Amino acid sequence: MKLGIVREHREGERRVAATPETVQQLIGLGLEVLVESGAGTAAGHSDGSYVRAGARIVPELDPGSLDVLAHVRPLEPATAAALRRGAVTAGLASPSSELPTVRALAAAGVTSFALELVPRISRAQSMDALSSQALVAGYRCVLEAAIRLPRFFPLFMTAAGTIPPARVLVLGVGVAGLQAIGTAKRLGARVSANDIRPASADEVASMGGTFIKLDLETAEASGGYARELSADRGALQRQLLAPYVAQADVLITTAAVPGRRAPLLVSREMVQGMRPGSVVVDLAAESGGNVEGSVPGQDIAVETADGQGTVTLVGMQDAASAMPSDASRLYAKNVANLLALVVRDGTLVLDFGDEVVAGTCLTHDGEVRHAPTADALAVPANRASDNEGVA
6 MKLGIVREHR EGERRVAATP ETVQQLIGLG LEVLVESGAG TAAGHSDGSY VRAGARIVPE
66 LDPGSLDVLA HVRPLEPATA AALRRGAVTA GLASPSSELP TVRALAAAGV TSFALELVPR
126 ISRAQSMDAL SSQALVAGYR CVLEAAIRLP RFFPLFMTAA GTIPPARVLV LGVGVAGLQA
186 IGTAKRLGAR VSANDIRPAS ADEVASMGGT FIKLDLETAE ASGGYARELS ADRGALQRQL
246 LAPYVAQADV LITTAAVPGR RAPLLVSREM VQGMRPGSVV VDLAAESGGN VEGSVPGQDI
306 AVETADGQGT VTLVGMQDAA SAMPSDASRL YAKNVANLLA LVVRDGTLVL DFGDEVVAGT
366 CLTHDGEVRH APTADALAVP ANRASDNEGV A
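My numbering puts the sequence shown at residues 6 to 396.
Okay, here's the thing in structure tokens:
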């Protein structure tokens, strides 16, 4: 069986779906590994390093000749359509926002595995790409804040006077939020955090942060994820958070609801209430943003309410790709461990009785197996049929 490692073409994407280390693991599964030339260059892996690991370098992959295709970002519809029937893909698929690609995968009879759908169970932790990449992103967003903040993070006691530590507030305490808390603490900041899931309080304390408890309803969904608050509860949350935001030198937001637009946690007025020189980093900017007015990939100067200065609003984009070497190291292991479930002695074995295989499978044999995505694909078709014949 031929496994192809694609060179990512989306602007800003520097990760790769396999490293020389995981190539050896994949070959051990009985796969012939083909790596598109230059696929690992941005992550620090030369073509030669893949050859030494046992892979074959090709100038350009032919999707139609592959049995398995591993990727980082969602495939383009044209690439999906070019795959042969029965082929397997493994990578991030963003099914809720990449419906044309999902439709193309199903139409082509491709068995696609979306790493976003890996069940959150102990046995699947080694395949959990969302967690591994969130760890990288959480670390990176603190560094981005520290670079822009015109103050020190740690406490300094000098002959010229004492410099107090920066105050960092983290909203959203998933993997990215916890990593942000830990990184900010290691840099010497005073860190507090909030999350609408009650179990987060102990996690924040374990990282050395102070948990901010708000008088809000419990909002925890299955699998340990947060669920979206109602509109009135969301407004109350912002009202209760406002004084804590105003006191922070750095605000980092990481809140997300899987498969849906990121919740709005911070209004423009809340940002304007911060001190001049403060920094806000919105890690959720690409999925709609936790902070009103954030734009992926842009720094925006927001004038403070007192007119004495500005707050820098940073919309993060491709956060994990900013550290492509370690991000790829983790992601490639996620991919290889998932493929180890469905490839045995060079043969594809799809056991849909396995909850990891069944839960991660997006499309198979012409069908969309992920129910929310199947429902989303059905809506446009239904609306089109309802409107037929209407002038």
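All C-beta atoms, glycine included, are put in the ideal place defined by N, C-alpha and C.
Just so we're clear, the structure is a prediction, and the values are computed from it rather than from any experiment.
Which partner residues of residue i appear in the DSSP bridge assignment?
{"i": "Thr167", "result": "Met162"}
{"i": "Arg128", "result": "Bridge partners of Arg128: none, in fact."}
{"i": "His369", "result": "Glu372"}
{"i": "Ile62", "result": "Val40"}
{"i": "Arg172", "result": "Arg195"}
{"i": "Ala95", "result": "Ala75, Phe118"}
{"i": "Val316", "result": "Val307"}
So, under 8 Å CB-CB, residue i and residue j are touching, yes? Tell me the CB distance rounded to an integer number of Å.
{"i": "Ala85", "j": "Leu110", "result": "5 Å"}
{"i": "Ser292", "j": "Ala267", "result": "4 Å"}
{"i": "Leu120", "j": "Leu97", "result": "5 Å"}
{"i": "Leu335", "j": "Asn295", "result": "Not a contact, Cβ separation roughly 24 Å."}
{"i": "Gly214", "j": "Val180", "result": "15 Å between Cβ atoms; not a contact."}
{"i": "Thr368", "j": "Val77", "result": "Not a contact, Cβ separation roughly 18 Å."}
{"i": "Asp356", "j": "Val362", "result": "6 Å"}
{"i": "Thr94", "j": "Lys338", "result": "The Cβ separation is near 18 Å, so there is no contact."}
{"i": "Arg145", "j": "Ala324", "result": "5 Å"}
{"i": "Leu344", "j": "Leu31", "result": "7 Å"}
{"i": "Ala240", "j": "Leu174", "result": "Contact flag wrong, Cβ pair sits at about 19 Å."}
{"i": "Ala198", "j": "Gly182", "result": "7 Å"}
{"i": "Thr317", "j": "Asp304", "result": "6 Å"}
{"i": "Val340", "j": "Ala22", "result": "5 Å"}
{"i": "Ser101", "j": "Thr378", "result": "7 Å"}
{"i": "Val307", "j": "Val284", "result": "At roughly 11 Å, the Cβ-Cβ gap does not stay under 8 Å, so Val307 and Val284 are not in contact."}
{"i": "Thr309", "j": "Pro329", "result": "Between Pro329 and Thr309 the Cβ distance is about 36 Å, and since that is not below 8 Å, they are no contact."}
{"i": "Pro105", "j": "Pro82", "result": "5 Å"}
{"i": "Gly314", "j": "Asp287", "result": "That belief does not hold up - the Cβ atoms of Gly314 and Asp287 are roughly 20 Å apart, past 8 Å."}
Starting from residue i, follow the beta strand (DSSP E) in both directions and report where the run begins and ends.
{"i": "Asp287", "result": "284 to 287"}
{"i": "Ile217", "result": "Neither: Ile217 is in no beta strand (DSSP E) and is coded neither H nor E."}
{"i": "Val196", "result": "195 to 199"}
{"i": "Arg57", "result": "Element bounds for Arg57: not the beta strand (DSSP E) but the alpha helix (DSSP H), 52 to 58."}
{"i": "Leu74", "result": "73 to 75"}
{"i": "Val354", "result": "Careful: Val354 lies outside any beta strand (DSSP E) and carries neither H nor E."}
Where do the ends of the alpha helix (DSSP H) carrying residue i lie?
{"i": "Ala210", "result": "205 to 211"}
{"i": "Arg334", "result": "329 to 347"}
{"i": "Pro82", "result": "82 to 87"}
**Prompt:** Okay, do the region 67 to 82 and the region 8 to 23 touch, 3+ Cβ pairs below 8 Å being the bar?
**Reply:** yes
**Message:** Report the start-end ranges of each alpha helix (DSSP H) in the region 6 to 47 that is 4 residues or longer and not cut off at the edges.
**Reply:** 25 to 33
**Request:** Count the C-beta pairs between the region 149 to 158 and the region 117 to 131 that are closer than 8 Å, then say yes if the count reaches three, no if not.
**Result:** no
**Request:** Scan the region 238 to 311 and note each continuous alpha helix (DSSP H) run of 4 residues or more that stays entirely inside, going in chain order.
**Result:** 273 to 277
**Asked** What are the complete beta strand (DSSP E) segments, minimum 3 residues, inside the region 102 to 152?
**Response** 116 to 119
**Prompt:** Touching or not, the region 187 to 196 and the region 271 to 287, by the rule of three or more beta carbon pairs under 8 Å?
**Reply:** no
**Stretch pair the region 158 to 171 + the region 200 to 211: three plus CB contacts closer than 8 Å** = no
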